[in-house]
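The structure appears right after this line, and notes come after that.
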Amino acid sequence: MRILSIRGKDLASLQGEFEVRLDAGPLADAGVFAIVGRTGSGKSTLLDALCLALFNKTPRLASSGGAKVGHPDGDQLASFDVRGLLRKGTAEGYAEVDFEGVDGRTYTARWSVRRARRRVDKRLQEVQRELRLTASDELLANGKRDCDTAIPEKLGLDFDQFRRAVLLAQGDFARFLQAKPEERAALLELMTGTEIYARLSMAAHARKKAAEDAQAKLESDVGAFAPLSLDARTGLEARRDALQRDDADAQASADALAASLRWYADRQQLRALVAEADELARRASEAWEDAASLRAEHARVTAAQPGGARLRGVRAARDAESKAHSDRTAAQAEAAETSAARDVARAAEATAKEEAEARGDALRRAQPDIEAARELDLRRARVREALDAATEQLADARRRVEETANEASAHAAALQGNEDTLDAAVAKLDALREHASVLSDWPQHERALKTLAGTETELASSHRARRALDQRQLRLDEDRAHASEAERRAEETFRRREATLADARDGARLARRVDTEAVRARIVDLDRDLGELERTDRAILRASEELDGLRGATTTLDAEIGALEEALARLEDEQPGLARRLDDAERMYGLARAALGLEDQRARLEEGEPCPLCGAVEHPFASGDAPATLLTESEAQLREARDAHRSHQTERATAEGTLESKRGALEAHLQRIAQHELELEDHRRAAASLRARLGEDPVAVHARLEGSRRGLEFAQALRRSLDDELDRASRAHADAVNEQQRASAHANLLRTELAKLASERSGLDAREETLAARRAGLLAELDDAFGSVEWRAELAPDAMAFVERWRARAAEWAGAHERRRDAEARQAHLRRSLDDANRRLSVAEREHEARASEAANATAQHAEVEAARGALLGGRDANEYEAALRRAAEEANGEAARLTARAAEAAETAGRAESAAQAADRRVTETVGALQRTREELDTWLADAGFTRDELEALLDRPPAWLEEKGRQLGALERALADARVKRGDRQARLDAHEAQPPQHEEAALSEHLDQARARAAEAREALIEVRGQLHADDQNRARTAAIATELTAARAEAERWAQLSALIGSSDGKRFRLFAQGLTLDILLGYANQQLSALHPRYQLQRVPGEDLELQVIDREMGDEIRSLRSLSGGETFLASLALALGLSALSSEKTPIESLFIDEGFGTLDPESLELVLEVLDHLHASGRQIGVISHVEAVAERLAAQVNVVDQGGGRSQVVVGVATMAA
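In our numbering, the protein residues as written are 2 to 1228.
Structure, rendered in structure tokens:
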């Protein structure tokens, strides 16, 4: 695993975007590089950006509390919320890291956060994370959950492993070496991640206790369930068999009596059905008598139907005669109109021919003038070209004169401006000459002034830091006193809650001994029997309702079957009439087609001569379209007859199918009635059996069941209450343990902070001495430059303003020198340019005069030609003039030809109109004769049928649908009367058959006998239920005893297994296994650390104190392997030992994952130059093994020793900038 680059934007004090490339630029080849900058500038923020992009966590915030921080009117975040790293006053920020994963591929991890709508006054949004392949930009993971899994997989490290292996916690190990043994356990657990062993130890202890409790409970349950003896069991089974036989006999007697009661109910229903059939027959007879007038009317309308075709023929002939008169009038009007149009067209034709001849004469007369105009047009074009050329040459000459004059003026002005610039530069140099010695070497003096200002700032910052240390000292002293008191209170709380936990466990153990299983089993049995009884009663009610419904449906089906039989009889009666109607229609259609086929014969008939086919002297259809009309009418009548016949066949087939279906449904209903009667009897026997089993009224059983349930609920509620109390006590005990651990950890942390404070105070003293020496050297250097110490008085009020003033003077001095050199070089060149411009101006003026004379001559010639051309054709273009005359002649000729064609067309139209008028006159004559013939035929039929024409029209007003509907109504009434009579006879026969088989008992005595039989059955069933309950309870006791024995064997084995494991690693506080695992971890860690320490400082070797868990000692190899205390090491030696432990932890954490990037934070200030050089050589050696190392330090010697640097430059106002390269340390 290797870190390749770190990028970010607007994180904490780092303003704007920044990038640190570890695989390119100065850092790529350096191996070991320094991260430098003032305190608070943002050096550690670079490591925060690294951890944010990879894990959405930072080492500094991971251990923070959860208190809300922030302004009440703005974002209030938990102190560990990483979104708080977004720089104040910015709308968005990000952190991005390129790294090489364990698979050798390069990945980019990105972390970003923004405010809503990207506005600085809006709320912070949720963090966005993603992981991509750097080469292809392929998205591999998106979102917190996916990245939490994917990034550690690609890195080969999780967050805790990354902190231990890459971000070397040298400061943590420094505290570890100085801590007491009891404090080292917490620090070692934090640094090595061995907290899991404490949890395993406590879990083993808890599992052992739970297994022992389960075993004790099973042992107490074994004696609670005792089964019956063999003799008692056999006696109960014999009594159960006898009671079952008694119950069956009593139930059979009750069923026979119930069947007798049903006979009387069925007789009553059959009598009601006979009365209903009598009423139906009476109503059907009355309806048939009431329809006598309808039957007579229906017969007259049917007899009038054949006259309908003749009446429609008369109406059609009358319509044809009227239409012929109208057509003749229209044809005569059209003939007159077309004749007038023909005369108008002929007059227009003559006028157009005269106009065409006049236009042709005009074109021939204009030809001479047109030719002359064309010659003048050619001459005018040549003169115009000459005039345009002369005008253009004159404009070019005028433009050259103006350009040359402007150029001469510009050269003169430039010469005068250059002379003014030269004079000003000389004056400025004279004014600054007294400061020439300082101004000539200003960059060097400016760097010295800036370094002095930075040194002064560092001294002031150091003084502020000292005051802050004093305040921290006071706060830490107060916090240490409070922490001691908190430790005491936590210990007292722990003892109280441990006693409460023991009491809660005793109460819960006693509650579990109450046996609720037997009560629950009895409740289940009673509940099951009551539920079964309720379901049986509902089934009886439902079966009775369904049986009543089926009987009603049977009655309905009887009525529907009767109606269908009546409908079929009516359809049978209608069949002959429809067949005759179809035959008549087909015959009329054949005659009409035959008449239409004799077209040629009709054409040869002559008035007064006999027909060669039929011999008739009158020929009504000799002409006109009467046969075609007759064919159309007969075809329509045939289609209606066929549709009626087909509809009748369909209706009959449907009625027959429906009748068959209804008869099948009736049979099915009768079968279902018989089946439901059997099911109803079964349900009644089951209900009686259940009531006998319950032994008392169901209401009383419900009350007893409810009481049992309340008792069971109370016992269960008591057990839950005690279990909840035990759970609360366990949680309170765990909280007390955690509080005790937190109080101890806090006290240890305060002791560590006090030691760190003392170290910081020492470092601050050394730093102030260094800064004071640097300040004295800079002041002496600047005194020599300014020649006196007076400049200090000017510098003191505002150093930045002083530097700016002298920087401006230096710029003025350099600028004046530059301007004088440039002006002197330009002076001779400007004079030569001015003389050359004046010569070119004289030449341009002479050329302009010559071009003006040529333009005047060309203008005169052009005016002469324009006057001559204006006298011909009115000045119009010759070609356009000729084309206009030619178009006028052609248009006149075309108009004459068009009018000639129109006159011929009008003559043809007039001829056709006259022929049409003659044909219309003949048609009128034909239609008048046809109308007379059809009227005579209608009168003959009316006389034969006995109808007047008005009566026929009135009868034919009835539509065919009325005739068909009334026929169906009359047929239905007739069939209803016959069906009612048949149904009445059938029902009377069913009643007679039922009454022929009466029961043995009278109806009044049956109810009493039935109640007595049911009472005997209930008594037998109650005794049977009691015996069955005793047998069932014995079965349950036997099964429970066998099950508990099996469970107890398994529980004893489980308890033994957990007791053995707890004896090895278990303890209530987790200390036993934790200390063992930490001892092994510390041995391995010391092995790695001593390898590093042999390179850093071969004199010493770290070792565990024999017989102690976490005590350490030092072997001094230069003193004959003398064993020394850790506290005897100097500050620099302690740093070397802590660094060796940090490097050892990194090597331990990277056994499975190669780590090529390390970062070490602070601690180098306690080393002497020789030790510092040795440490840096060791770090170089680590680089030679393939690792790149970043060192965060304030030590100037580190910055001077490491050329490659990441400089976090403090720009004031809480703003810093990241600069990568070779730079000088700011402090």
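For each residue, glycine too, the CB sits at the ideal point set by N, CA and C.
Taking 7 angstroms as the limit between beta carbons, can you name the residues of its chain near L423, skipping five residues before and five after? Mapped onto the sequence shown, residue 423 falls at position 422. For L423, where only same-chain residues beyond five positions count, the Cβ hits under 7 angstroms are R821, A824, E825.
Does the separation of the CB atoms of A409 and N839 fall below 8 angstroms? Translated into positions along the sequence shown, residue 409 becomes position 408. Translated into positions along the sequence shown, residue 839 becomes position 838. Yes. Within cutoff.
Residue range of the alpha helix (DSSP H) that R1053 falls in? Start at 1 with the first residue of the sequence shown, and residue 1053 comes out as number 1052. Per DSSP, the continuous alpha helix (DSSP H) segment holding R1053 begins and ends at 1004-1066.
If we count Cβ pairs, one from each stretch, closer than 8 angstroms, do we get three or more for the stretch 452-467 versus the stretch 763-772? The stretch 452-467 vs the stretch 763-772: in contact.
How far does the beta strand (DSSP E) with I1156 in it extend, from its first residue to its last? Residue numbering aside, residue 1156 sits at position 1155 when the sequence shown is read from its first letter. Note, I1156: premise wrong, no beta strand (DSSP E); not H, not E.
Which of helix, strand or coil DSSP assigns to Q1102: Within the sequence shown, numbered from 1, the residue matching residue 1102 stands at position 1101. DSSP, reduced to helix, strand and coil, places Q1102 within a strand of the structure shown.
Which of helix, strand or coil DSSP assigns to S1217: Translated into the one-based positions of the sequence shown, residue 1217 becomes position 1216. Per DSSP, reduced to three states, the secondary structure at S1217 is strand.
Take the Cβ of K89 as the centre, count every other Cβ of all protein chains shown within 10 Å, and call the residue buried at 16 or more, exposed below. The residue given as residue 89 occupies position 88 in the sequence shown. Exposed: under 16 other Cβ atoms inside 10 Å.
Sorted by chain position, which residues of the same chain lie with C-beta nearer than 6 angstroms to G875's C-beta, five sequence neighbours on each side aside? Along the sequence shown, read from residue 1 onward, the residue named residue 875 stands at position 874. Hits under 6 angstroms: none found.
Exposure label - R283; buried when at least 16 CB within 10 Å: Taking the first residue of the sequence shown as 1, we reach residue 283 at position 282. Under this definition R283 is an exposed residue.
So is W963 buried or exposed if we call it buried at 16+ other beta carbons inside 10 Å? The sequence position of residue 963 within the sequence shown is 962, counting from 1. Per the 10 Å Cβ criterion, exposed.
Rounded to the nearest angstrom, how far is the Cβ of P228 from that of T1047, given a contact under 8 angstroms? For the purposes of this step, residue 228 is taken as residue 227 along the sequence shown, with counting starting at 1. For the purposes of this step, residue 1047 is taken as residue 1046 along the sequence shown, with counting starting at 1. Between P228 and T1047 a beta carbon distance of about 16 angstroms is seen, past the 8 angstroms cut, so the two are scored as non-contacting.
Could you tell me the boundaries of the beta strand (DSSP E) in which R8 lies? The sequence position of residue 8 within the sequence shown is 7, counting from 1. That run of the beta strand (DSSP E) goes 3-12.
Name the one or two DSSP bridge partners that D99 has. Indexing the sequence shown from 1 puts residue 99 at position 98. Answer is S6, T109.
Count the other CB atoms, across all protein chains shown, that sit within 10 Å of the CB of M203; report buried if there are 16 or more and exposed otherwise. Translated into positions along the sequence shown, residue 203 becomes position 202. Counting the other CB atoms within 10 Å of its CB gives M203 a total of 16 or more, which places it among the buried residues.
In the DSSP assignment, what residue or residues form a beta bridge with F34? Working through the sequence shown from its first residue, we reach residue 34 at position 33. For F34, DSSP records a beta bridge to G1191.
DSSP-derived helix/strand/coil call for D1117: Here residue 1117 corresponds to residue number 1116 of the sequence shown, with the count starting at 1. Residue state, collapsed to three classes: strand.
How should E892 be labelled, buried or exposed, when 16 other C-beta atoms within 10 angstroms of its C-beta is the threshold for buried? If you number the sequence shown from 1, residue 892 lands on position 891. Exposed, by the Cβ-count rule.
By Cβ distance below 6 angstroms, which residues in the same chain neighbour L1062 in space, the five residues on each side in sequence not counted? On the sequence shown, residue 1062 is found 1061 positions in, with the first residue counted as 1. Only A205 meet the Cβ criterion.
Element boundaries [alpha helix (DSSP H), containing Q306]: By 1-based counting over the sequence shown, the position of residue 306 is 305. Where Q306 is concerned, there is no enclosing alpha helix (DSSP H), because DSSP gives it neither an H nor an E.
Please determine, among E938, T753, R1017, the residue with the shortest C-alpha to C-alpha distance to R481. Here residue 481 refers to the residue found at position 480 of the sequence shown. The shortest C-alpha separation from R481 is found at T753.
Which residue wins for smallest C-alpha separation from R588, given the options E546, T555, L639? Counting from one through the sequence shown, the residue named residue 588 turns up at place 587. Closest by alpha carbon: L639.
Can you name, in chain order, every residue of its own chain whose Cβ lies under 6 angstroms from the Cβ of R1017, other than the five neighbours on each side? The sequence position of residue 1017 within the sequence shown is 1016, counting from 1. Correct list, in chain order: A251.
Please report the straight-line C-alpha distance between E1171 and Q474, rounded to a whole angstrom. Here residue 1171 refers to the residue found at position 1170 when the sequence shown is read from its first residue. Here residue 474 refers to the residue found at position 473 when the sequence shown is read from its first residue. In this structure, the straight-line span from the alpha carbon of E1171 to that of Q474 is close to 32 angstroms.
Provide the residue(s) that pair with D1211 in DSSP beta bridges, ordered along the chain. Translated into positions along the sequence shown, residue 1211 becomes position 1210. According to DSSP, which records beta bridges pairwise, D1211 is partnered with S1217.
What are the boundary residues of the alpha helix (DSSP H) that includes A1078? Counting from one through the sequence shown, the residue named residue 1078 turns up at place 1077. Per DSSP, A1078 belongs to the alpha helix (DSSP H) from 1072-1097.
Over what stretch of residues does the beta strand (DSSP E) that includes V21 continue unbroken? By 1-based counting over the sequence shown, the position of residue 21 is 20. For V21, the enclosing beta strand (DSSP E) stretches over residues 15-22.
Pairs of beta-carbons, one from the stretch 898-914 and one from the stretch 314-329, closer than 8 angstroms: are there three or more? Contact between the stretch 898-914 and the stretch 314-329 is absent, because fewer than three Cβ pairs lie under 8 angstroms.
In DSSP terms, what N143 is bridged to: Position 142 of the sequence shown, counted from the first residue, corresponds to residue 143. E131.
Using DSSP's beta-bridge definition, name the partner residues of Q417. Here residue 417 corresponds to residue number 416 of the sequence shown, with the count starting at 1. According to DSSP, Q417 shares a beta bridge with no other residue.
By how many angstroms is the C-alpha of A1141 removed from the C-alpha of L1097? Here residue 1097 corresponds to residue number 1096 of the sequence shown, with the count starting at 1. Here residue 1141 corresponds to residue number 1140 of the sequence shown, with the count starting at 1. L1097 and A1141: Cα-Cα distance of roughly 8 angstroms.
Sequence-distant residues of the same chain with beta carbon closer than 7 angstroms to L939, five excluded per side: Here residue 939 is taken as the residue at index 938 of the sequence shown, counted from 1. Closer than 7 angstroms at the Cβ level, and outside the excluded window around L939, lie R311, L312, V315.
Can you tell me the Cα-Cα spacing of T941 and E966, whole angstroms? Numbered from its first residue, the sequence shown carries residue 941 at position 940. Numbered from its first residue, the sequence shown carries residue 966 at position 965. Looking at the two C-alpha atoms, the distance is approximately 31 angstroms.
Apply the 10 Å Cβ neighbour rule to T59 and answer buried if 16 or more other Cβ atoms are within range, or exposed otherwise. In the sequence shown, counting from the first residue as 1, residue 59 sits at position 58. Burial call: buried.
Which residue comes first and which comes last in the alpha helix (DSSP H) that contains E937? To locate residue 937, count along the sequence shown from 1; it is residue 936. 879-946 is the extent of the alpha helix (DSSP H) around E937.
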